[in-house]
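Before any comments, here is the structure.
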Amino acid sequence: MKVIVRIPTPLLSLTGGQKEVEAVGETIMEVIEDLERKYPGMKERLCDEEGRLRRFINFFVNDEDIRFLDNENTKLKDGDVVSIVPAIAGGYDKESMGGGDHA
235 MKVIVRIPTP LLSLTGGQKE VEAVGETIME VIEDLERKYP GMKERLCDEE
285 GRLRRFINFF VNDEDIRFLD NENTKLKDGD VVSIVPAIAG GYDKESMGGG
335 DHA
């Protein structure tokens, strides 16, 4: 299956600045393998040492979170759009939280 993959800003250096790339695969993992062949270094950024998807990277297929589908085994169809979205973590800002120290 040929899909479009939306690449997040932190990974654009691997794709030569391309925000969307084509990949081939019947599942998310097959697409990741195809991305690795085309853009070396991609898999290590998306998967841990055991080959599982990293916890803080979210994948969506046509705006559906794969965690509510079949995770890395989610089946794909021609023309699907796969979005890779790094999780955003925030911090504590004293000014926006009313100032002062909180214990």
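Here the sequence shown is numbered in this note's numbering, starting from 235 and rising by one per residue.
Every residue, glycine too, gets a C-beta built ideally from N, C-alpha and C.
- K311 carries a coil assignment under DSSP once its states are collapsed to helix, strand and coil.
- Taking the C-beta atoms as reference points, I318 is found no nearer than 8 Å to F302.
- Within the DSSP secondary-structure output, P274 pairs in no beta bridge.
- When rounded, the separation of the alpha-carbon atoms in G251 and I241 is 9 Å.
- A distance below 7 Å between beta-carbons, with the five flanking residues on each side excluded, links F290 to the following residues of its chain, in chain order: P320 and A321.
- With 16 or more other Cβ atoms inside 10 Å of its own Cβ, I262 counts as buried.
- Only buried fits D268, as 16 or more other CB atoms lie within 10 angstroms of its CB.
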